[in-house]
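See structure below.
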Amino acid sequence: MSAEQQSEQERPRIALFGGTFDPVHEGHIEVAARAVEALSLDRVIFLPCRQSPHKEAAAGASEAQRLEMLRLATRDLPWAEVSDWEYHQPIPSFSWRTAEAFQEQFAGAKLSWLMGWDQWVVLPTWNRFSYLAELVEFIVHAREVEGEPTAILHEGARVEFVSGNHPASSSAIRGMLVQGEPVPAGWLEAQVEQYLDRNRPYRQ
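Quick note on numbering: the sequence shown equals residues 62 to 265 in our numbering.
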(Lines of atoms letter the chains of each structure in order from A; the text may use other names.)
(Lines give C-alpha, C1' and ligand atoms only; values in the text may rest on other atoms or scores of the structure.)
Protein backbone atom coordinates (compact mmCIF):
# COMPACT_ATOMS: atom_id res chain seq x y z
CA MET A 62 0.00 0.00 0.00
CA SER A 63 1.37 3.39 -0.97
CA ALA A 64 1.67 6.23 1.53
CA GLU A 65 -1.04 8.07 -0.40
CA GLN A 66 -3.44 5.11 -0.15
CA GLN A 67 -2.72 4.70 3.54
CA SER A 68 -3.34 8.40 4.14
CA GLU A 69 -6.65 8.14 2.27
CA GLN A 70 -7.76 5.22 4.46
CA GLU A 71 -6.85 7.09 7.63
CA ARG A 72 -9.08 10.07 6.79
CA PRO A 73 -12.25 10.04 8.93
CA ARG A 74 -15.38 9.28 6.92
CA ILE A 75 -18.31 11.54 7.74
CA ALA A 76 -21.72 11.45 6.08
CA LEU A 77 -24.19 14.34 6.17
CA PHE A 78 -27.82 13.21 6.20
CA GLY A 79 -30.17 16.07 5.46
CA GLY A 80 -33.95 16.12 5.35
CA THR A 81 -37.09 17.38 7.02
CA PHE A 82 -37.35 14.28 9.27
CA ASP A 83 -41.02 15.05 9.78
CA PRO A 84 -40.98 12.78 11.70
CA VAL A 85 -37.78 10.75 11.81
CA HIS A 86 -38.60 7.04 11.47
CA GLU A 87 -36.82 3.72 11.59
CA GLY A 88 -36.31 3.76 7.83
CA HIS A 89 -34.05 6.82 8.24
CA ILE A 90 -32.08 5.04 10.95
CA GLU A 91 -31.77 1.87 8.86
CA VAL A 92 -30.43 3.85 5.89
CA ALA A 93 -27.75 5.43 8.08
CA ALA A 94 -26.87 2.18 9.84
CA ARG A 95 -26.48 0.32 6.54
CA ALA A 96 -24.19 3.04 5.24
CA VAL A 97 -22.09 2.94 8.41
CA GLU A 98 -21.73 -0.83 8.15
CA ALA A 99 -21.14 -1.05 4.40
CA LEU A 100 -18.75 1.88 4.07
CA SER A 101 -17.07 1.99 7.51
CA LEU A 102 -18.31 5.49 8.24
CA ASP A 103 -17.04 7.10 11.42
CA ARG A 104 -19.99 9.44 11.84
CA VAL A 105 -23.38 10.31 10.39
CA ILE A 106 -24.58 13.84 11.07
CA PHE A 107 -28.38 14.22 10.86
CA LEU A 108 -29.28 17.71 9.65
CA PRO A 109 -32.96 18.67 9.85
CA CYS A 110 -33.61 21.53 7.45
CA ARG A 111 -35.60 24.70 8.06
CA GLN A 112 -37.36 24.59 4.71
CA SER A 113 -36.56 22.19 1.90
CA PRO A 114 -36.27 23.87 -1.53
CA HIS A 115 -37.96 20.74 -2.93
CA LYS A 116 -41.09 20.96 -0.76
CA GLU A 117 -43.53 23.87 -0.88
CA ALA A 118 -45.38 23.00 2.31
CA ALA A 119 -43.84 23.76 5.67
CA ALA A 120 -43.02 20.88 7.99
CA GLY A 121 -45.89 19.65 10.15
CA ALA A 122 -43.84 19.49 13.36
CA SER A 123 -41.92 22.50 14.63
CA GLU A 124 -38.15 22.82 14.28
CA ALA A 125 -37.71 22.10 17.99
CA GLN A 126 -39.96 19.03 17.80
CA ARG A 127 -38.18 17.55 14.79
CA LEU A 128 -34.81 18.15 16.45
CA GLU A 129 -35.91 16.50 19.69
CA MET A 130 -37.32 13.47 17.88
CA LEU A 131 -34.02 13.05 16.04
CA ARG A 132 -32.12 13.20 19.32
CA LEU A 133 -34.39 10.56 20.82
CA ALA A 134 -34.08 8.29 17.80
CA THR A 135 -30.27 8.44 17.72
CA ARG A 136 -29.47 8.64 21.43
CA ASP A 137 -28.03 5.10 21.61
CA LEU A 138 -26.10 5.21 18.34
CA PRO A 139 -22.42 6.01 18.97
CA TRP A 140 -21.85 7.00 15.35
CA ALA A 141 -24.81 9.39 15.13
CA GLU A 142 -24.84 13.13 15.72
CA VAL A 143 -27.70 15.61 15.36
CA SER A 144 -26.98 19.17 14.26
CA ASP A 145 -29.30 22.19 14.14
CA TRP A 146 -26.89 24.06 11.84
CA GLU A 147 -29.43 24.53 9.06
CA TYR A 148 -31.92 26.05 11.49
CA HIS A 149 -29.63 29.06 11.75
CA GLN A 150 -29.19 29.59 8.00
CA PRO A 151 -31.27 31.44 5.38
CA ILE A 152 -34.11 29.57 3.74
CA PRO A 153 -34.47 27.54 1.66
CA SER A 154 -31.89 25.07 3.00
CA PHE A 155 -29.53 24.48 0.07
CA SER A 156 -27.35 21.38 0.42
CA TRP A 157 -24.28 22.96 -1.15
CA ARG A 158 -24.26 25.64 1.54
CA THR A 159 -24.33 22.98 4.27
CA ALA A 160 -21.66 20.87 2.59
CA GLU A 161 -19.42 23.91 2.17
CA ALA A 162 -19.64 24.77 5.86
CA PHE A 163 -19.01 21.22 7.06
CA GLN A 164 -16.13 20.81 4.61
CA GLU A 165 -14.48 23.73 6.38
CA GLN A 166 -15.37 22.40 9.83
CA PHE A 167 -14.01 18.91 9.14
CA ALA A 168 -11.01 19.77 6.98
CA GLY A 169 -9.18 16.57 6.12
CA ALA A 170 -12.21 14.31 6.47
CA LYS A 171 -13.77 12.40 3.60
CA LEU A 172 -17.21 13.99 3.42
CA SER A 173 -20.25 12.28 1.92
CA TRP A 174 -23.91 13.18 1.46
CA LEU A 175 -26.38 10.44 2.34
CA MET A 176 -29.68 10.46 0.46
CA GLY A 177 -32.56 8.33 -0.75
CA TRP A 178 -33.06 7.01 -4.26
CA ASP A 179 -35.83 9.52 -5.07
CA GLN A 180 -33.48 12.40 -4.28
CA TRP A 181 -30.61 10.88 -6.26
CA VAL A 182 -32.72 10.55 -9.41
CA VAL A 183 -33.42 14.29 -9.50
CA LEU A 184 -30.08 15.44 -8.07
CA PRO A 185 -28.98 17.33 -11.22
CA THR A 186 -31.93 19.70 -10.69
CA TRP A 187 -30.63 20.74 -7.26
CA ASN A 188 -29.28 24.25 -6.78
CA ARG A 189 -25.55 24.31 -7.70
CA PHE A 190 -25.47 20.55 -8.17
CA SER A 191 -22.03 20.57 -9.83
CA TYR A 192 -20.53 22.52 -6.95
CA LEU A 193 -22.10 20.15 -4.40
CA ALA A 194 -20.61 17.21 -6.32
CA GLU A 195 -17.16 18.79 -5.97
CA LEU A 196 -17.56 19.09 -2.21
CA VAL A 197 -18.89 15.61 -1.36
CA GLU A 198 -19.25 12.07 -2.51
CA PHE A 199 -22.79 10.68 -2.49
CA ILE A 200 -24.12 7.66 -0.65
CA VAL A 201 -27.45 6.58 -2.09
CA HIS A 202 -29.94 4.27 -0.46
CA ALA A 203 -31.35 2.26 -3.37
CA ARG A 204 -34.47 0.31 -2.41
CA GLU A 205 -34.46 -3.37 -3.27
CA VAL A 206 -37.47 -3.34 -5.61
CA GLU A 207 -37.75 -5.87 -8.40
CA GLY A 208 -37.78 -4.23 -11.80
CA GLU A 209 -36.32 -0.92 -10.57
CA PRO A 210 -33.03 0.31 -12.02
CA THR A 211 -30.19 -0.55 -9.66
CA ALA A 212 -27.88 2.29 -10.62
CA ILE A 213 -28.13 5.71 -12.25
CA LEU A 214 -24.95 7.74 -12.61
CA HIS A 215 -24.70 11.52 -12.92
CA GLU A 216 -21.73 13.06 -14.67
CA GLY A 217 -19.27 14.55 -12.21
CA ALA A 218 -20.84 12.91 -9.15
CA ARG A 219 -18.97 10.26 -7.16
CA VAL A 220 -21.41 7.75 -5.69
CA GLU A 221 -21.65 4.56 -3.66
CA PHE A 222 -24.91 2.64 -3.34
CA VAL A 223 -26.25 0.85 -0.27
CA SER A 224 -29.37 -1.30 -0.37
CA GLY A 225 -32.36 -1.60 1.91
CA ASN A 226 -36.13 -1.73 1.84
CA HIS A 227 -37.68 -0.40 5.06
CA PRO A 228 -41.38 0.40 4.46
CA ALA A 229 -41.68 3.44 6.78
CA SER A 230 -42.64 6.80 5.26
CA SER A 231 -42.86 10.16 7.02
CA SER A 232 -45.82 11.28 4.93
CA ALA A 233 -47.66 8.01 5.63
CA ILE A 234 -46.96 8.35 9.36
CA ARG A 235 -48.28 11.92 9.39
CA GLY A 236 -51.42 10.79 7.59
CA MET A 237 -52.02 8.01 10.10
CA LEU A 238 -51.54 10.33 13.05
CA VAL A 239 -53.86 12.98 11.59
CA GLN A 240 -56.55 10.31 11.23
CA GLY A 241 -55.85 8.89 14.69
CA GLU A 242 -54.74 5.57 13.21
CA PRO A 243 -51.98 3.39 14.74
CA VAL A 244 -48.55 3.51 13.14
CA PRO A 245 -47.30 0.03 12.12
CA ALA A 246 -44.95 -1.67 14.54
CA GLY A 247 -41.30 -1.09 13.72
CA TRP A 248 -41.84 2.22 11.96
CA LEU A 249 -41.01 4.50 14.91
CA GLU A 250 -38.38 4.28 17.62
CA ALA A 251 -40.15 3.70 20.95
CA GLN A 252 -39.26 7.06 22.54
CA VAL A 253 -40.17 8.91 19.34
CA GLU A 254 -43.55 7.20 19.36
CA GLN A 255 -44.05 8.19 23.01
CA TYR A 256 -43.04 11.77 22.18
CA LEU A 257 -45.63 11.89 19.40
CA ASP A 258 -48.30 10.52 21.74
CA ARG A 259 -47.53 13.23 24.30
CA ASN A 260 -47.09 16.22 21.98
CA ARG A 261 -49.41 15.31 19.07
CA PRO A 262 -47.84 17.65 16.47
CA TYR A 263 -49.82 16.11 13.59
CA ARG A 264 -53.24 15.71 15.19
CA GLN A 265 -55.95 18.03 13.92
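The beta-carbon is built from N, C-alpha and C at its ideal position, and this holds for glycine as well.
Buried versus exposed, by CB contacts within 10 Å (16 or more), G79: By the 10 Å Cβ count, G79 comes out buried.
C-beta contact flag for H86 and W248 at 8 Å: For the pair H86 and W248, the CB atoms are nearer than the 8 Å cut-off.
Local conformation of R136 per DSSP, three classes: Coil at R136, not helix or strand.
Reduced DSSP category for E207 - H, G, I as helix; E, B as strand; rest coil: Here the model assigns E207 a pLDDT of 49, short of 50, so the residue's position is not dependable, and the following value carries that caveat. Coil.
DSSP-derived helix/strand/coil call for G79: Shown here, G79 sits in a strand according to DSSP, grouped into three states.
Backbone secondary structure at I213 - three-state DSSP: Assigned with DSSP and collapsed to three states, I213 falls in coil, not helix or strand.
Assigned exposure category for P228 - 16 Cβ within 10 Å defines buried: Exposed is the label assigned to P228, since fewer than 16 other Cβ atoms lie within 10 Å of its Cβ.
Residue closest to Y148, alpha-carbon to alpha-carbon, out of Q166, R127, A141 and E142: Out of Q166, R127, A141 and E142, R127 has the C-alpha closest to the C-alpha of Y148.
Expected contact under 8 Å - CB spacing of L77 and L108 to nearest Å: With 8 Å as the limit, L77 and L108 qualify as a contact, their Cβ atoms being about 6 Å apart.
Under the three-state DSSP convention, the category G177 falls into: The answer is strand: DSSP assigns G177 an E or B state.
Three or more C-beta pairs below 8 Å linking the segment 211 to 219 and the segment 230 to 248: Short answer: they don't touch.
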